[in-house]
Amino acid sequence: MSLRRQNPQLDSEGRLRHFLSIEGLGRTILTEILDTAESFAGVGSQQVKKVPLLRGKTIVNLFFEASTRTRTTFELAAKRLSADVLNINIASSAAVKGESLLDMLHNLEAMQSDLFVVRHSESGAAHFIARHVAPHVSVINAGDGRHAHPTQAMLDMFTIRRHKGDFGQLRVAIVGDIMHSRVARSQIHALTTLGTAEVRVVAPATLLPTAVEQLGVHVFHDLAEGLRDCDVVIGLRLQRERMEGALLPSEEEFFERYGLTERALAHARPDAIVMHPGPINRGVEIDSAVADGPQAVILEQVTLGIAVRMAVMSMVLGRPPGAEQGETT
Amino acid sequence: MSLRRQNPQLDSEGRLRHFLSIEGLGRTILTEILDTAESFAGVGSQQVKKVPLLRGKTIVNLFFEASTRTRTTFELAAKRLSADVLNINIASSAAVKGESLLDMLHNLEAMQSDLFVVRHSESGAAHFIARHVAPHVSVINAGDGRHAHPTQAMLDMFTIRRHKGDFGQLRVAIVGDIMHSRVARSQIHALTTLGTAEVRVVAPATLLPTAVEQLGVHVFHDLAEGLRDCDVVIGLRLQRERMEGALLPSEEEFFERYGLTERALAHARPDAIVMHPGPINRGVEIDSAVADGPQAVILEQVTLGIAVRMAVMSMVLGRPPGAEQGETT
Amino acid sequence: MSLRRQNPQLDSEGRLRHFLSIEGLGRTILTEILDTAESFAGVGSQQVKKVPLLRGKTIVNLFFEASTRTRTTFELAAKRLSADVLNINIASSAAVKGESLLDMLHNLEAMQSDLFVVRHSESGAAHFIARHVAPHVSVINAGDGRHAHPTQAMLDMFTIRRHKGDFGQLRVAIVGDIMHSRVARSQIHALTTLGTAEVRVVAPATLLPTAVEQLGVHVFHDLAEGLRDCDVVIGLRLQRERMEGALLPSEEEFFERYGLTERALAHARPDAIVMHPGPINRGVEIDSAVADGPQAVILEQVTLGIAVRMAVMSMVLGRPPGAEQGETT
Numbered sequence: 440m441s442l443r444r445q446n447p448q449l450d451s452e453g454r455l456r457h458f459l460s461i462e463g464l465g466r467t468i469l470t471e472i473l474d475t476a477e478s479f480a481g482v483g484s485q486q487v488k489k490v491p492l493l494r495g496k497t498i499v500n501l502f503f504e505a506s507t508r509t510r511t512t513f514e515l516a517a518k519r520l521s522a523d524v525l526n527i528n529i530a531s532s533a534a535v536k537g538e539s540l541l542d543m544l545h546n547l548e549a550m551q552s553d554l555f556v557v558r559h560s561e562s563g564a565a566h567f568i569a570r571h572v573a574p575h576v577s578v579i580n581a582g583d584g585r586h587a588h589p590t591q592a593m594l595d596m597f598t599i600r601r602h603k604g605d606f607g608q609l610r611v612a613i614v615g616d617i618m619h620s621r622v623a624r625s626q627i628h629a630l631t632t633l634g635t636a637e638v639r640v641v642a643p644a645t646l647l648p649t650a651v652e653q654l655g656v657h658v659f660h661d662l663a664e665g666l667r668d669c670d671v672v673i674g675l676r677l678q679r680e681r682m683e684g685a686l687l688p689s690e691e692e693f694f695e696r697y698g699l700t701e702r703a704l705a706h707a708r709p710d711a712i713v714m715h716p717g718p719i720n721r722g723v724e725i726d727s728a729v730a731d732g733p734q735a736v737i738l739e740q741v742t743l744g745i746a747v748r749m750a751v752m753s754m755v756l757g758r759p760p761g762a763e764q765g766e767t768t
Numbered sequence: 440m441s442l443r444r445q446n447p448q449l450d451s452e453g454r455l456r457h458f459l460s461i462e463g464l465g466r467t468i469l470t471e472i473l474d475t476a477e478s479f480a481g482v483g484s485q486q487v488k489k490v491p492l493l494r495g496k497t498i499v500n501l502f503f504e505a506s507t508r509t510r511t512t513f514e515l516a517a518k519r520l521s522a523d524v525l526n527i528n529i530a531s532s533a534a535v536k537g538e539s540l541l542d543m544l545h546n547l548e549a550m551q552s553d554l555f556v557v558r559h560s561e562s563g564a565a566h567f568i569a570r571h572v573a574p575h576v577s578v579i580n581a582g583d584g585r586h587a588h589p590t591q592a593m594l595d596m597f598t599i600r601r602h603k604g605d606f607g608q609l610r611v612a613i614v615g616d617i618m619h620s621r622v623a624r625s626q627i628h629a630l631t632t633l634g635t636a637e638v639r640v641v642a643p644a645t646l647l648p649t650a651v652e653q654l655g656v657h658v659f660h661d662l663a664e665g666l667r668d669c670d671v672v673i674g675l676r677l678q679r680e681r682m683e684g685a686l687l688p689s690e691e692e693f694f695e696r697y698g699l700t701e702r703a704l705a706h707a708r709p710d711a712i713v714m715h716p717g718p719i720n721r722g723v724e725i726d727s728a729v730a731d732g733p734q735a736v737i738l739e740q741v742t743l744g745i746a747v748r749m750a751v752m753s754m755v756l757g758r759p760p761g762a763e764q765g766e767t768t
Numbered sequence: 440m441s442l443r444r445q446n447p448q449l450d451s452e453g454r455l456r457h458f459l460s461i462e463g464l465g466r467t468i469l470t471e472i473l474d475t476a477e478s479f480a481g482v483g484s485q486q487v488k489k490v491p492l493l494r495g496k497t498i499v500n501l502f503f504e505a506s507t508r509t510r511t512t513f514e515l516a517a518k519r520l521s522a523d524v525l526n527i528n529i530a531s532s533a534a535v536k537g538e539s540l541l542d543m544l545h546n547l548e549a550m551q552s553d554l555f556v557v558r559h560s561e562s563g564a565a566h567f568i569a570r571h572v573a574p575h576v577s578v579i580n581a582g583d584g585r586h587a588h589p590t591q592a593m594l595d596m597f598t599i600r601r602h603k604g605d606f607g608q609l610r611v612a613i614v615g616d617i618m619h620s621r622v623a624r625s626q627i628h629a630l631t632t633l634g635t636a637e638v639r640v641v642a643p644a645t646l647l648p649t650a651v652e653q654l655g656v657h658v659f660h661d662l663a664e665g666l667r668d669c670d671v672v673i674g675l676r677l678q679r680e681r682m683e684g685a686l687l688p689s690e691e692e693f694f695e696r697y698g699l700t701e702r703a704l705a706h707a708r709p710d711a712i713v714m715h716p717g718p719i720n721r722g723v724e725i726d727s728a729v730a731d732g733p734q735a736v737i738l739e740q741v742t743l744g745i746a747v748r749m750a751v752m753s754m755v756l757g758r759p760p761g762a763e764q765g766e767t768t
């Protein structure tokens, strides 16, 4: 119990303070994120795509690993909440001339930043930073090494809930390079926490983490079997740049055996949706006929991702929608 | 007629949807751009250089070719219209890790962007993108290869109209490297469409496109003759970086024969204005005495360029000045 | 007298127009900066960290030398004043393709910029730019070569005044690499102008500029003696990257003789504060026990730096707090 209270993601009243990983968060908080995202889902189609909720807040995109795509979605979410955004690209900047990471963080805190959105190539980086930030600063993990990518997982949950409703009735298959995927790890935790009836991973043994069954998933090595009767099929990017050693004979063979083609998809339920965190490798893990087909919701995931990031930002800053009264200029 | 209706730049009601090239646009639309720019020309000298017209719109500067100068003018125009701006520099970013251009565009669309401002080193890139964007997204061409740079041409027209009024009375000379200049191409189309009495190009044969006369211009190889009695003299940047092969003996000889000097300018009308799209090469295509002299309006072009870009942005987004009523926050 | 009137930093009515160096500014102006900063010091802890004072102003961060840290503080100060900010990194951009510095500046002026924040590796760059800008543009020096870093010096003064009150009672020691430090140069001018009772520099002879005594400081080569009874101790970053030739035997020996340790600090007054412009080199010019100790106000300097930059920006733009009435949208 006392360990649970020390969950670094929650404050003393059990509200979200940081958003670092799905692990350690209960179904109530995850559902609150989805419900809050629902309230932001309409902002993007308004004439004025903006709410004044985080006006005057300072949000710092702290990217130790370049990722224009992810940075863009966070920057847009922040701007649509009317926050001020600073982009700091540490990978390419001379930001750290001999300065330690912590000294740099303390400096950004001293500038009265409210939120760090952290992307880092090392697992655990966002946790490390969250452990050391001042009480007034929150941290959102925008991807750390092979560990977690929790906003991606929550936008996937949001997409699933909007299409399929109750997780308790669903069979979900995650297909491909599970081992190197922080996205898959976060998805599995989110799906099980939300009570998904059955979560499957479909991959060759070489692309599965050891003891993956202990996460509560069913393992399939055969794609047709793995997809059979599924409601949701999630493809993963083949992380070619992360592959160390010869885990795969070739991309062609991978596509042959695990590529999401129309033929493979026929094994899933006829109303199954197909998801992918992007960017997609056409002809490697997914066929264009499927990626651009009627069952794909890949671009909708991107749209809903903005709402989910707005939700998490407003929650960690203690300002869910409806809390904007009483501001001064 | 049906071909005309399919003009990709106009919507079904004949209003500007994309702004890709001057070609294909009629005098009415070009005049509407100039009139709209006129209504924005005062914004830059207000205490508060900002109008709320595009508040909550998302404008993406999508630069496949670095150009701080052009990017800056579009960024400022967008900010003075109160839009949110994202700068994406594809040339230098890892944005495209194996992702196709179209997949990247569809992602940006899914983020509910409203407008892409596209700069690309290949001719036709902006048209290609415009052909593939979603119905809710507009495209402005900020320069594509040797093809077009229509906002530059329109700011030139705006500058000319402010100084000289009716195009029907004017003699305009464009001097220098016509062949490699997307600016010249767009200027020629704009000038002829707006009914300019005489449009001249003045250049050595090696720097002229073949069959340039078919664009409706008079060709001169001699600078003095070409400038004789002109109302407007436009210099072009000598695109040294674009020259393939030995089209010119030397910069010195070019300046000798085609440089805009006070002596050469004396052949034009005494009240002629001198324009240049910048950045200028002093002592190559223009002499400092002229560039900094009383007839030059080169910096005024920059100022008016912000108003023209504001005009085009507000028109393609269907929100010309006066349309801001009824917004919700 | 007439020379004094030509002070490039003041307008004809003696108000701050540019902020280039502390030299040439009197106690009245420096005190006005501190008083204005005081009025902004609370903005950073408001719910909405923003005032509408510079709404619609265009501020350009013109960095000829990369400095994420300094750029960030100016960008934040500008955003908290509601200005529009453009970041132009000339060092890394292709901004200057053959264009002269002055032509580039005149272009930015023509875009109706209001303020250039200039960082440059050459001494005198900000003065040069200020001499050539149009009447409607102000310049703030964000560090030029070894010459000056006046906003840093003023945030140091602000920190000292908040902790210690009247400068007339204070003994201040500046320790370390005085010779290569633009910060030290600006601090010395600010401290003497504000009437500090005693200003000391503590350094080996090789790290002192020649004739430093003429600036009105007392020179000490021994750290213990230099710190004796001081109210304020300022460490400086050892500018390793600027050292030309062997001015120091080794970093270890420097720390041994001039490092700010608890033992050294014991010579100062018990309530002395310890300052440093950052980023700090732990174990080189300052010991972690001191940098993180109870007497250090290093991070507070960063916080107060935002207020000082807001003050200078609003003053050079002629819009100190309380002047925001009568704006139009």
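Residue numbers (this note's numbering), protein chains in the order written: chain A, 440 to 768; chain B, 440 to 768; chain C, 440 to 768. Backbone N, C-alpha and C fix where the C-beta goes; we use that ideal spot for every residue, glycine too. No experiment lies behind these values; they were computed from the predicted model shown.
- Three or more pairs of CB atoms, one per stretch, sit closer than 8 Å, so the region 630-645 of chain C contacts the region 457-470 of chain C.
- Separation of Asp726 (chain B) and Arg748 (chain C) (C-alpha to C-alpha, rounded to the nearest whole angstrom) is 41 Å.
- Of all residues in the region 496-517 of chain C, the ones placed with a Cβ closer than 9 Å to any Cβ belonging to chain A are Ala505, Ser506, Thr507, Arg508, Thr511, Thr512, Glu514, Leu515, in chain order.
- Nearest to Leu594 (chain C) by C-alpha distance, out of C:Ala750, C:Val640, C:His559, C:Val755, is C:Ala750.
- Taken through DSSP and simplified to helix, strand or coil, Thr497 (chain B) comes out as strand.
- Counting only Cβ-Cβ distances below 8 Å, Leu492 (chain C) has no contacts in chain B at all, with the closest Cβ about 11 Å away.
- Counting only runs of 3 or more residues that sit fully inside the region 540-613 of chain C, the beta strand (DSSP E) segments are 554-559, 577-583, in chain order.
- As a beta-bridge residue in DSSP terms, Asp523 (chain B) pairs with B:Thr497.
- If you ignore the 5 residues before and after Glu504 (chain B), its C-beta comes within less than 8 Å of the C-beta of Ala530, Arg558, His559, Ser560, Gly582, all in its own chain and listed in chain order.
- Val641 (chain B) has its alpha-carbon roughly 8 Å from the corresponding atom of Ile617 (chain B).
- Residues of chain A whose Cβ lies closer than 7 Å to the Cβ of Asp523 (chain B) are, in chain order, Lys518.
- Gln608 (chain A) is classed as exposed because its beta carbon has fewer than 16 other beta carbons within 10 Å across all chains shown.
- Note on geometry: alpha-carbon atoms of Gln551 (chain B) and Leu501 (chain C) lie some 31 Å from one another.
- In the DSSP annotation of this structure, the continuous segment of the alpha helix (DSSP H) that includes Met754 (chain B) starts and ends at 737-755.
- The C-beta separation of Gly584 (chain B) from Arg621 (chain B) comes to about 7 Å, placing the pair in contact by the 8 Å criterion.
- When DSSP states are grouped into helix, strand and coil, His657 (chain C) belongs to the strand group.
- Listed in chain order, the positions of the region 543-574 of chain A with a beta carbon within less than 7 Å of a beta carbon of chain C are His545, Asn546, Ala549, Met550, Gln551.
- Among the residues of the region 574-591 of chain C, none has a Cβ less than 8 Å away from any Cβ of chain A.
- The alpha-carbon of Val614 (chain B) is positioned some 33 Å away from that of Pro574 (chain C).
- Within the region 722-738 of chain C, no residue has a Cβ lying closer than 8 Å to any Cβ of chain B.
- Three or more Cβ pairs drawn from the region 664-677 of chain C and the region 703-719 of chain C lie within less than 8 Å of each other, which places the two stretches in contact.
- Out of B:Val671, B:His619, B:Phe555, the CA that lies nearest to the CA of His602 (chain B) is found in B:Val671.
- Three or more beta-carbon pairs drawn from the region 722-740 of chain C and the region 697-714 of chain C are found closer than 8 Å, and the two stretches are therefore classed as touching.
- Between Thr598 (chain A) and chain B, the shortest Cβ-Cβ separation is not below 7 Å.
- Within chain B, Thr507, Thr511 have C-beta atoms less than 9 Å from the C-beta of Ile527 (chain C), given in sequence order.
- Straight-line measurement puts the Cα of Val578 (chain B) at about 15 Å from the Cα of Thr509 (chain B).
- One thing to note: Thr742 (chain B) has its Cβ within 7 Å of the Cβ of Ala549 (chain C).
- The bridge partners DSSP lists for Arg721 (chain B) are B:Ile725.
- Per the Cβ contact rule, the region 486-502 of chain C is in contact with the region 515-527 of chain C (3 or more Cβ pairs under 8 Å).
- Contact annotation for Ile472 (chain B) against chain C: no contact, minimum CB-CB distance about 19 Å [criterion: below 7 Å].
- Residue contact with chain A for Gly674 (chain C): absent (no Cβ-Cβ distance below 7 Å to any residue of chain A).
- Sequence-distant Cβ neighbours of Val656 (chain C) in its own chain, meaning closer than 7 Å and more than five residues away, are Ile627, Val638, Arg639, Val640.
- Look at Lys603 (chain C): its C-beta is not under 7 Å from any C-beta on chain A.
- Shown here, Val622 (chain C) sits in a helix according to DSSP, grouped into three states.
- Residue pairing by DSSP puts Ile712 (chain A) in a beta bridge opposite A:Val671.
- Pairing Arg454 (chain B) with Ile599 (chain B), the inter-Cα distance amounts to about 24 Å.
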